[in-house]
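Working notes for the structure below.
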Amino acid sequence: MTPLLTTKGLSRHFGGLRAVDGVDFTLMPGEIRAIIGPNGAGKTTFVSLLSGRIRPSSGMVVFDGADITAMPAYKRVRLGVAYTFQITSVFANLTAFDNVALPVQRTLTDGRTKGQVRSGVMAALERTGLAERAGTLAGQLSYGHQRLLEVAMGLALKPRLLILDEPTQGLADSEIDNFITLVREIARDAAVLLIEHNMPVVMQLAGRITVFNSGKILAEGTPGEIRANAEVQDAYLGAAHG
Amino acid sequence: MHFGPHLLLAALEGLVTSAVLALTALGLSLVFGVMRVVNVAHGEFFMLGAVLAWAVSTAISGHPAVGFVAALVIAPLLVGLVALVAERLVLRRLNYNPEGTIVATIGMLYIIQQLALTFYGPEARPVEPPFSYRILLPWFGYSGYKLSVVAASAILLVITWLVLTRTRIGLIMRATQYDRETAQAFGIPVERVYAGVFAVGAMLAAIAAVLIVPISQAHYLMGQDPLLLSFIVVIIGGLGSLRGTVVAAILIGLSDGIISMFFSPTLAKIIATLVVAMVLVFRPQGLFGTTPR
Amino acid sequence: MRNASPAKTYALHISVIALLFALNFVLPDYHQGLFARIMALAVFAMGYNLLFGYVGLLSLGHAMFFSAGLYGAGLTVYHLGWGVPEAFVAGVACGALLALVIGLLALRTSGVAFMIVTMMFAQVFYLLILYFAAWTGGDQGLVIQQASRVIAIGGASFDLTDPTVRYMSALALFSIILLVTLAVVCSRFGRVLVAIRENEERTKMLGYDTVANKLTAVVASGAICAASGAAYALLFGYVGSSFASVQYSILPLLWVLLGGAATTLGPLIGTLFMYYVTDITSGFTSAYLLIVGVALILLVLFFPKGILGSIRERWLRWLP
Ligand SMILES: Nc1ncnc2c1ncn2[C@@H]1O[C@H](COP(=O)(O)OP(=O)(O)O)[C@@H](O)[C@H]1O
Ligand SMILES: [Mg+2]
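Protein chains in written order, with this note's numbering: chain A, 1 to 242; chain B, 243 to 535; chain C, 536 to 855.
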């Protein structure tokens, strides 16, 4: 099987700081991959390079066999790379419906789906359990619902790769359970790349885990392997779990 | 006259323009640099300075120098007061929001202009220079007053520079400019700094205007050109950079004098405005500015 | 727009148009003339609102698009003897083309720089009109003779200097632009424009080429403002450089702020209100600019949503 996404020597420097430093990374279609690592390890910067929000200092990004290193972000989205922000950034002054309508109508003009905006929006809202809130202004939704709306917007893009940056941050435990079900469902049609601090979520969801530290990949493997890895224990798990 | 003396004359005139322009633009630049407010009414503070200078100097009888010196003190103070009131009543309430303040200062522009027209009238009126000594050069005589304007402006610029770089006030201003929230957290009275900067910015324009009225007359529309030229200077010089502002003012002042010897003034303005717009589009940090933070 | 039923919205807009139509037959002569002018200028405000209200781009140079239409129509009639419809099209085309060029340049900037750049380009345009005074008439302007302002369609001919023809022509243009704006605002494109205003970065990450969308909006806005200018030249028979001055870039901003930015009917209400305030106060003061200035400051300070914006916020949530 050909990989869905690969990076070669991908780097991004901020002044003297090497936020992402020569990363070689491979993701297969249909995979659920978690990225973990301490704060400031470069996880957000790394996925921003994948989504095109920021430009790399060097290295390349290949998606589905095509070099997309120089491609602007909006074109990558149209190819199927969807990104949800770490900091919730739904359109606060628009209704939940309009928030989701934006990605839905986008895929309609791409010709990736047929049908009406309304049915597409309602489908995405129903999958995330927000259908009853369609008419509410996004800014008036609870924080957990805003995170879900963010996911609904990602879903509505019909992505082939969905990147979620700390999606469970601030969610209640009950909401997290629903979220796990949702991600499993999404993964039937798309690969999921998940930055996550909540280890139980990571262990339940991820097929493989990539550990970042100081802009580099420290380790990669199945949840079992990562759990057993002493280096990871030192760098991250030890710190996180005391 | 031969070409050489002609050029010397143009250069001298250009230097006077530069001197006044540097002061006016410095005021605009300070306000933008520290407060991030684009003051569209800046030219009207200039005009107000000139009109008040006329009012003060005509109210005081005796030797013209007395009236002039009184104007040089009173007019900028009054303008500073007007600016202070405007800052209190309007800009502060807008929380210095960049777009809101532009709209509000456009409003101030219209109000000040209309009030000047109503109370001062549509006439252009001269102010007598404090002295009429002429310096005799080999080819022509040149107004000693004009040269003293250049000197006065240079002194004021040096003082401003010293205040900005060598004093506590300057330090506080730079801290506020760098990061408003942090400055506030460190106990800097940001609102007082803003009020002070806005008043000082307006006063610099007013001083420039008082210096220039003995040469060109006071008129209620005289604020328009200085506003445009100050914008040009501040943009070319790099927003908020003192050295850039002065260099650009000299450049613009001199070239303005020399260009208008060869082109029609309208064409000169067209070219200058277009060039500046292009600088903003393609090099927003200005020609001499460093990259923005 | 929230949960608007399209029928209700269209009914409201059609009734406004019907009301304006009926007013033609009841208004006294003076007010009939004033209303024709207000409707023509409300088109200018609607074009401005499309960009300022819906995309959130505050231009200080829209006088150049208005006067591109004004001169594009006026000069082709005056110098080339073109007929009214051709001249109108020429005016709109000039505005659209200018907007395309200005958009390509100015959209490289944002925020305050965008405001200043648009103001400077408009200033260049204004100075060019003065510089080419031999053709444009400079600040004196040009008067377009009555004979050139007649539309001949088949056997019938319409004289634009006739008050009723003028009123109805202004109303026709106003209605078309109002309905077009409404359709755009309720369309998918309109939704993208609002998204750009709210959060451009996020909109990009939903797969939208925001620069292309903004450019389209600038061109549409420029073309609408030019249509207003072209109509103004043809209906009122005068072109002059004052229409290109900074003041005419500020006025649409004022009208839109007053009526309510990002509302379809706000521009009309703002223009109407401002015109009548000036008209009524002109009895005891000539200080027109003072009113403009005070209105601007009061609006940004206390009433940033404008008349219709505030009404929508309190009572009529469904207003587009
Ligand atoms: N725009 C930026 N400018 C400068 N430094 C940045 C920028 N974005 C991130 N960084 C730095 O890069 C490093 C990695 O940040 P980030 O990718 O956000 O880490 P993570 O998501 O793993 O917590 C941090 O040290 C951060 O301060
Ligand atoms: Mg992060």
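In this text, a Cβ means the ideal position worked out from N, Cα and C, and glycines have one as well. On a predicted model such as this, the values are computed, not experimentally measured, just so you know.
In the three-state reduction of the DSSP assignment, A/LEU193 falls in the strand class, which pools E and B. Contact between B/LEU522 and C/ALA648 is confirmed by a C-beta separation of about 6 angstroms, below the 8 angstroms threshold. Residue side-chain check: A/GLN86 places its Cβ nearer than 7 angstroms to a non-hydrogen atom of ligand 2. With respect to chain B, the C-beta atom of C/ALA641 has a partner C-beta closer than 8 angstroms. For A/VAL81, the enclosing beta strand (DSSP E) begins and ends at 81-84. In the structure shown, A/ASN213 adopts extended strand secondary structure according to DSSP, grouped into three states.
Among the CB atoms of chain A, one or more fall inside 8 angstroms of the CB of C/ASP744. With the criterion CB distance below 6 angstroms from any heavy atom of ligand 1, the matching residues run A/PHE14, A/LEU17, A/ALA19, A/GLY37, A/ASN39, A/GLY40, A/ALA41, A/GLY42, A/LYS43, A/THR44, A/THR45 along the chain.
The beta-bridge partner set that DSSP reports for B/SER385 consists of B/ARG376.
Interface criterion met: the Cβ of A/ARG106 is under 8 angstroms from a Cβ in chain C. Counted as a single uninterrupted DSSP element, the stretch harbouring B/ARG330 is not any beta strand (DSSP E), since DSSP gives it neither H nor E.
Within the region 353-364 of chain B, ILE353, ILE354, GLN355, GLN356, LEU357, LEU359, THR360 place their CB atoms closer than 9 angstroms to a CB of chain C, listed in sequence order.
Taking C-beta atoms as the reference points, B/THR487 and B/ALA283 fail to come closer than 8 angstroms. In chain order, GLN105 make up the part of chain A whose C-beta sits under 7 angstroms from the C-beta of C/ARG723. Between B/GLU433 and B/PRO340, the alpha-carbon positions lie close to 16 angstroms from each other. Rounded to whole angstroms, the separation of the alpha carbons of B/THR259 and A/ARG53 is 47 angstroms. Counted as a single uninterrupted DSSP element, the beta strand (DSSP E) harbouring A/LYS8 occupies residues 5-14. For A/THR69, there is no enclosing beta strand (DSSP E), since its DSSP letter is neither H nor E. In this structure, B/ALA437 lies away from B/GLU365, with their beta-carbon atoms at least 8 angstroms apart. Between A/ALA101 and the set A/ALA138, A/ALA66, A/ASP67, the nearest pair of CA atoms involves A/ALA138. Remark: C-beta atoms of C/ALA796 and C/GLY757 do not approach each other more closely than 8 angstroms.
When Cβ-Cβ separations below 8 angstroms define contact, C/LEU824 makes contact with chain B.
Secondary structure of A/LEU161 (DSSP, three-state): strand. Distance between A/LEU161 and A/VAL211, taken at the CA atoms: about 19 angstroms. Under the Cβ criterion (8 angstroms, minimum of three pairs), the region 174-188 of chain A does not count as touching the region 12-26 of chain A. Distances taken from the Cβ of A/ASP165 to the heavy atoms of ligand 2 include one shorter than 7 angstroms. Around C/TYR666, the beta-carbon contacts reaching into chain B at under 7 angstroms are THR508, LEU509, ILE512. The shortest C-alpha to C-alpha distance from B/GLY275 to any of B/PRO507, B/GLY309, B/VAL298, B/LEU484 is the one to B/LEU484. Within the region 335-349 of chain B, ARG335, LEU336, PRO340, GLU341, GLY342, ILE344, VAL345, ALA346, ILE348, GLY349 place their CB atoms closer than 7 angstroms to a CB of chain C, listed in sequence order. Contact annotation: the region 72-92 of chain A does not touch the region 24-42 of chain A, with fewer than three C-beta pairs closer than 8 angstroms. Judged by their CB atoms, B/LEU509 and B/GLY256 are not nearer to each other than the 8 angstroms cut-off. Within the same chain, GLY805, MET809, VAL827, ALA830, LEU831, LEU834 come within 8 angstroms of C/LEU789 by CB-CB distance, once the 5 residues on both sides are set aside. For a Cβ distance threshold of 9 angstroms, residue set VAL345, ILE348 of chain B lies close to C/LEU788, ordered along the chain. Taken in chain order, the unbroken stretches of alpha helix (DSSP H) that lie wholly in the region 92-134 of chain A and span 4 residues or more are 96-110, 117-127. Where C/GLY638 is concerned, there is no enclosing beta strand (DSSP E), although the alpha helix (DSSP H) around it starts and stops at 619-641.
In this model, B/PRO380 and B/LEU250 are separated by some 12 angstroms (Cα to Cα).
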